[in-house]
Amino acid sequence: MWRQRFRDGLTRPTAGLAPGMAQANLIAVPRDWAWDMLLYAQRNPRPCPVLDVSDPGDPRTILAKDADLRTDLPLYRVWRDGELVREVADATDVWRDDLVAFLIGCSFTFETPLLAAGIDVRHISADCNVPMYRTDRECRPAGRLRGELVVSMRPIPADRVADAVRISGRFPAVHGAPVHVGDPAALGIEDLNRPDFGDPVEVLPGELPVFWACGVTPQAAVMASAVPYAVTHAPGHMFVTDVPDLEYQA
3 MWRQRFRDGL TRPTAGLAPG MAQANLIAVP RDWAWDMLLY AQRNPRPCPV
53 LDVSDPGDPR TILAKDADLR TDLPLYRVWR DGELVREVAD ATDVWRDDLV
103 AFLIGCSFTF ETPLLAAGID VRHISADCNV PMYRTDRECR PAGRLRGELV
153 VSMRPIPADR VADAVRISGR FPAVHGAPVH VGDPAALGIE DLNRPDFGDP
203 VEVLPGELPV FWACGVTPQA AVMASAVPYA VTHAPGHMFV TDVPDLEYQA
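Offset between the sequence shown (1-based) and my numbering: plus 2.
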(Lines of atoms letter the chains of each structure in order from A and count residues from 1; the text may use other names and numbers.)
(Lines give C-alpha, C1' and ligand atoms only; values in the text may rest on other atoms or scores of the structure.)
Protein backbone atom coordinates (compact mmCIF):
# COMPACT_ATOMS: atom_id res chain seq x y z
CA MET A 1 0.00 0.00 0.00
CA TRP A 2 2.68 2.53 0.97
CA ARG A 3 4.84 1.86 -2.09
CA GLN A 4 1.83 2.49 -4.32
CA ARG A 5 1.09 5.73 -2.49
CA PHE A 6 4.68 6.88 -2.98
CA ARG A 7 4.45 5.87 -6.64
CA ASP A 8 1.34 8.04 -6.86
CA GLY A 9 3.21 11.05 -5.49
CA LEU A 10 3.02 10.99 -1.67
CA THR A 11 6.22 12.36 -0.10
CA ARG A 12 6.88 11.90 3.62
CA PRO A 13 9.34 10.21 5.98
CA THR A 14 8.63 6.52 6.47
CA ALA A 15 9.28 6.05 10.22
CA GLY A 16 6.23 4.44 11.80
CA LEU A 17 4.75 3.35 8.47
CA ALA A 18 4.02 -0.30 7.71
CA PRO A 19 4.77 -1.49 11.26
CA GLY A 20 6.18 -4.99 11.30
CA MET A 21 7.80 -4.68 7.86
CA ALA A 22 11.49 -4.06 7.28
CA GLN A 23 12.64 -0.85 5.65
CA ALA A 24 15.81 -0.19 3.67
CA ASN A 25 18.14 2.58 2.58
CA LEU A 26 18.96 2.91 -1.13
CA ILE A 27 22.20 3.83 -2.84
CA ALA A 28 22.72 3.24 -6.56
CA VAL A 29 26.17 3.82 -8.08
CA PRO A 30 27.66 3.21 -11.53
CA ARG A 31 28.79 -0.32 -12.24
CA ASP A 32 32.47 0.66 -12.15
CA TRP A 33 32.00 1.88 -8.55
CA ALA A 34 29.90 -1.09 -7.42
CA TRP A 35 32.85 -3.23 -6.27
CA ASP A 36 34.16 -0.34 -4.19
CA MET A 37 30.72 0.10 -2.61
CA LEU A 38 30.33 -3.62 -1.90
CA LEU A 39 33.78 -3.73 -0.30
CA TYR A 40 33.02 -0.55 1.68
CA ALA A 41 29.86 -2.18 3.02
CA GLN A 42 31.70 -5.40 3.86
CA ARG A 43 34.33 -3.46 5.79
CA ASN A 44 31.76 -1.32 7.59
CA PRO A 45 28.90 -3.72 8.36
CA ARG A 46 27.36 -1.75 11.26
CA PRO A 47 26.36 1.28 9.18
CA CYS A 48 26.17 -0.56 5.83
CA PRO A 49 24.46 -3.96 6.27
CA VAL A 50 23.58 -5.10 2.75
CA LEU A 51 20.14 -6.68 2.27
CA ASP A 52 20.16 -6.91 -1.54
CA VAL A 53 22.17 -5.81 -4.59
CA SER A 54 20.66 -5.39 -8.05
CA ASP A 55 22.04 -6.23 -11.46
CA PRO A 56 23.18 -3.14 -13.41
CA GLY A 57 20.21 -1.06 -14.50
CA ASP A 58 17.68 -3.39 -12.87
CA PRO A 59 15.20 -1.52 -10.61
CA ARG A 60 13.82 -4.71 -9.06
CA THR A 61 14.61 -6.37 -5.72
CA ILE A 62 13.84 -9.68 -4.06
CA LEU A 63 12.76 -7.71 -0.98
CA ALA A 64 9.46 -6.80 -2.68
CA LYS A 65 8.52 -8.69 -5.82
CA ASP A 66 6.28 -6.07 -7.46
CA ALA A 67 8.40 -3.05 -6.51
CA ASP A 68 10.24 -0.57 -8.70
CA LEU A 69 13.21 1.11 -7.02
CA ARG A 70 12.85 4.10 -9.35
CA THR A 71 9.36 5.04 -8.18
CA ASP A 72 8.49 3.34 -4.89
CA LEU A 73 10.43 5.48 -2.42
CA PRO A 74 8.93 8.79 -1.29
CA LEU A 75 11.95 10.97 -2.14
CA TYR A 76 15.29 10.50 -3.92
CA ARG A 77 18.56 12.39 -4.09
CA VAL A 78 20.70 12.74 -7.21
CA TRP A 79 24.46 13.28 -6.83
CA ARG A 80 27.15 14.39 -9.31
CA ASP A 81 30.82 14.43 -8.36
CA GLY A 82 29.87 14.16 -4.69
CA GLU A 83 27.50 17.16 -4.82
CA LEU A 84 23.75 16.97 -4.25
CA VAL A 85 22.15 18.36 -7.41
CA ARG A 86 18.47 17.38 -7.17
CA GLU A 87 15.77 15.84 -5.03
CA VAL A 88 13.01 14.09 -6.97
CA ALA A 89 9.90 12.11 -6.07
CA ASP A 90 10.34 9.85 -9.12
CA ALA A 91 13.80 8.65 -10.17
CA THR A 92 12.80 7.11 -13.51
CA ASP A 93 14.37 9.93 -15.56
CA VAL A 94 17.62 9.90 -13.57
CA TRP A 95 18.07 6.12 -13.42
CA ARG A 96 20.84 4.84 -15.71
CA ASP A 97 21.43 1.46 -17.29
CA ASP A 98 24.76 1.12 -15.48
CA LEU A 99 23.44 1.78 -11.96
CA VAL A 100 23.85 -0.99 -9.39
CA ALA A 101 21.41 -0.55 -6.49
CA PHE A 102 22.34 -1.47 -2.94
CA LEU A 103 19.60 -1.86 -0.35
CA ILE A 104 21.03 -1.26 3.12
CA GLY A 105 19.34 -2.25 6.40
CA CYS A 106 17.51 0.53 8.24
CA SER A 107 17.01 1.06 11.97
CA PHE A 108 13.33 1.88 11.36
CA THR A 109 12.98 -1.91 11.17
CA PHE A 110 13.51 -2.41 14.91
CA GLU A 111 11.35 0.53 15.97
CA THR A 112 8.21 -1.62 16.06
CA PRO A 113 9.79 -3.95 18.67
CA LEU A 114 10.93 -0.88 20.64
CA LEU A 115 7.37 0.48 20.65
CA ALA A 116 5.99 -2.95 21.57
CA ALA A 117 8.27 -2.89 24.63
CA GLY A 118 6.81 0.46 25.69
CA ILE A 119 9.81 2.54 24.62
CA ASP A 120 8.83 5.83 23.03
CA VAL A 121 10.37 6.51 19.62
CA ARG A 122 10.45 10.29 19.73
CA HIS A 123 10.44 11.11 16.02
CA ILE A 124 7.38 8.89 15.56
CA SER A 125 5.46 10.38 18.49
CA ALA A 126 6.50 13.88 17.35
CA ASP A 127 5.56 13.06 13.72
CA CYS A 128 8.86 14.23 12.27
CA ASN A 129 11.98 12.82 10.64
CA VAL A 130 14.64 11.04 12.70
CA PRO A 131 17.68 13.22 13.55
CA MET A 132 20.91 12.07 11.90
CA TYR A 133 24.43 13.35 12.49
CA ARG A 134 27.81 13.14 10.79
CA THR A 135 30.45 12.07 13.32
CA ASP A 136 34.22 12.36 13.60
CA ARG A 137 34.60 8.58 13.35
CA GLU A 138 36.09 7.57 10.01
CA CYS A 139 34.84 4.41 8.37
CA ARG A 140 37.34 1.91 7.04
CA PRO A 141 38.10 2.98 3.45
CA ALA A 142 37.67 0.67 0.46
CA GLY A 143 39.05 1.32 -2.99
CA ARG A 144 38.15 4.89 -3.90
CA LEU A 145 35.57 5.23 -1.11
CA ARG A 146 36.11 6.89 2.24
CA GLY A 147 33.96 8.87 4.64
CA GLU A 148 32.72 9.27 8.16
CA LEU A 149 30.16 7.33 10.16
CA VAL A 150 26.65 8.81 10.23
CA VAL A 151 24.42 8.02 13.21
CA SER A 152 20.73 8.34 14.03
CA MET A 153 19.64 9.39 17.52
CA ARG A 154 16.71 8.43 19.71
CA PRO A 155 16.24 9.76 23.27
CA ILE A 156 15.71 6.85 25.65
CA PRO A 157 14.83 7.00 29.38
CA ALA A 158 17.95 6.08 31.33
CA ASP A 159 16.25 3.10 32.94
CA ARG A 160 15.24 1.71 29.52
CA VAL A 161 18.58 2.07 27.73
CA ALA A 162 19.58 -1.52 28.50
CA ASP A 163 16.25 -2.71 27.05
CA ALA A 164 16.76 -0.63 23.89
CA VAL A 165 20.27 -2.06 23.50
CA ARG A 166 19.01 -5.61 23.98
CA ILE A 167 16.07 -5.24 21.55
CA SER A 168 17.99 -3.51 18.77
CA GLY A 169 20.94 -5.83 19.28
CA ARG A 170 18.76 -8.72 18.10
CA PHE A 171 18.68 -7.07 14.63
CA PRO A 172 22.29 -7.00 13.37
CA ALA A 173 21.16 -6.89 9.72
CA VAL A 174 19.55 -3.49 10.34
CA HIS A 175 22.38 -1.83 12.33
CA GLY A 176 21.93 -3.76 15.58
CA ALA A 177 22.83 -2.30 18.97
CA PRO A 178 23.80 1.36 19.47
CA VAL A 179 27.33 2.55 18.75
CA HIS A 180 27.23 5.13 21.56
CA VAL A 181 25.12 6.20 24.55
CA GLY A 182 25.34 9.62 26.19
CA ASP A 183 27.62 12.59 25.51
CA PRO A 184 27.30 13.61 21.81
CA ALA A 185 30.71 15.29 21.96
CA ALA A 186 32.31 11.85 22.15
CA LEU A 187 31.19 11.43 18.51
CA GLY A 188 32.19 14.94 17.52
CA ILE A 189 28.56 16.14 17.52
CA GLU A 190 28.45 19.72 18.73
CA ASP A 191 24.70 20.42 18.92
CA LEU A 192 21.88 17.87 19.03
CA ASN A 193 19.48 20.61 17.95
CA ARG A 194 21.27 20.93 14.61
CA PRO A 195 21.21 17.51 12.93
CA ASP A 196 22.94 17.16 9.57
CA PHE A 197 19.91 15.30 8.22
CA GLY A 198 16.32 15.01 9.47
CA ASP A 199 14.72 16.99 12.28
CA PRO A 200 15.78 17.76 15.86
CA VAL A 201 13.81 16.08 18.65
CA GLU A 202 13.56 16.95 22.33
CA VAL A 203 15.63 15.06 24.88
CA LEU A 204 13.60 15.15 28.08
CA PRO A 205 14.94 15.17 31.66
CA GLY A 206 15.90 11.65 32.66
CA GLU A 207 16.59 10.62 29.06
CA LEU A 208 19.90 9.85 27.35
CA PRO A 209 20.67 10.37 23.67
CA VAL A 210 21.31 6.95 22.14
CA PHE A 211 23.08 6.70 18.79
CA TRP A 212 22.80 3.97 16.18
CA ALA A 213 24.88 3.49 13.02
CA CYS A 214 22.88 4.90 10.11
CA GLY A 215 22.39 3.88 6.49
CA VAL A 216 23.05 7.47 5.36
CA THR A 217 26.74 6.63 5.89
CA PRO A 218 27.15 5.65 2.18
CA GLN A 219 25.91 9.13 1.23
CA ALA A 220 28.69 10.61 3.34
CA ALA A 221 31.10 8.43 1.33
CA VAL A 222 29.58 9.71 -1.92
CA MET A 223 30.29 13.27 -0.74
CA ALA A 224 33.78 12.62 0.63
CA SER A 225 34.88 10.54 -2.37
CA ALA A 226 33.33 12.69 -5.13
CA VAL A 227 31.53 9.71 -6.69
CA PRO A 228 30.73 10.88 -10.24
CA TYR A 229 27.06 9.85 -10.16
CA ALA A 230 24.69 8.30 -7.62
CA VAL A 231 20.99 8.05 -6.82
CA THR A 232 20.03 7.57 -3.17
CA HIS A 233 17.02 7.81 -0.90
CA ALA A 234 16.52 11.14 0.84
CA PRO A 235 17.42 10.62 4.52
CA GLY A 236 14.44 9.24 6.43
CA HIS A 237 12.53 8.41 3.21
CA MET A 238 13.06 4.67 2.99
CA PHE A 239 12.11 1.73 0.82
CA VAL A 240 9.33 -0.26 2.53
CA THR A 241 9.92 -3.96 1.86
CA ASP A 242 7.61 -6.96 2.00
CA VAL A 243 9.94 -8.70 4.47
CA PRO A 244 8.66 -8.96 8.05
CA ASP A 245 11.03 -7.27 10.50
CA LEU A 246 11.27 -10.51 12.50
CA GLU A 247 13.03 -12.10 9.50
CA TYR A 248 16.06 -10.03 10.48
CA GLN A 249 15.92 -10.91 14.17
CA ALA A 250 18.88 -13.02 15.21
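For glycine and all other residues, C-beta sits at the position ideal for the given N, C-alpha and C.
Ordered list of beta strand (DSSP E) runs contained in the region 80 to 148, each at least 3 residues: 85 to 90, 101 to 107 and 134 to 140
Kindly indicate which three-state DSSP category residue 41 falls into: helix, strand or coil? helix
Within the region 187 to 232, note down every full alpha helix (DSSP H) run reaching 4 residues or more, in order along the chain. 219 to 227
Determine the direct distance from the alpha carbon of residue 214 to that of residue 12, and round the result to whole angstroms. If I take the Cα positions, the gap works out to 28 Å.
Could you name each continuous beta strand (DSSP E) segment of 3 residues or more that falls completely within the region 45 to 71, going from the start of the chain to the end? 52 to 55
Can you tell me whether residue 14 is helix, strand or coil according to DSSP? coil
How should residue 113 be labelled, buried or exposed, when 16 other C-beta atoms within 10 angstroms of its C-beta is the threshold for buried? buried
Cβ neighbours of residue 66 in the same chain (closer than 6 Å, five flanking residues each side left out): Here the set comprises 243 and 244.
I'd like to know whether the C-beta atoms of residue 205 and residue 143 end up nearer to each other than 9 Å. no
How big is the Cα-Cα spacing for residue 5 and residue 70? 9 Å
Determine the extent of the alpha helix (DSSP H) in which residue 167 is found, giving its start and end residues. 163 to 171
Please classify residue 25: does DSSP put it in a helix, a strand, or coil? strand
Please name the residue or residues paired with residue 155 in a DSSP beta bridge. 213
If you reduce the DSSP assignment to three classes, tell me which class residue 176 lands in. Assigned with DSSP and collapsed to three states, residue 176 falls in helix.
Do residue 246 and residue 24 have their C-beta atoms closer together than 9 Å? Taking 9 Å as the cut-off, the Cβ atoms of residue 246 and residue 24 count as close.
Of the choices 47, 37, 40 and 88, whose alpha-carbon is the least far from that of residue 235? 88 is the residue among 47, 37, 40 and 88 whose C-alpha sits nearest the C-alpha of residue 235.
Nearest-angstrom Cα separation, counted from residue 220 out to residue 168: Whole-angstrom Cα-Cα distance: 26 Å.
Range of the contiguous alpha helix (DSSP H) that encloses residue 6: 4 to 9
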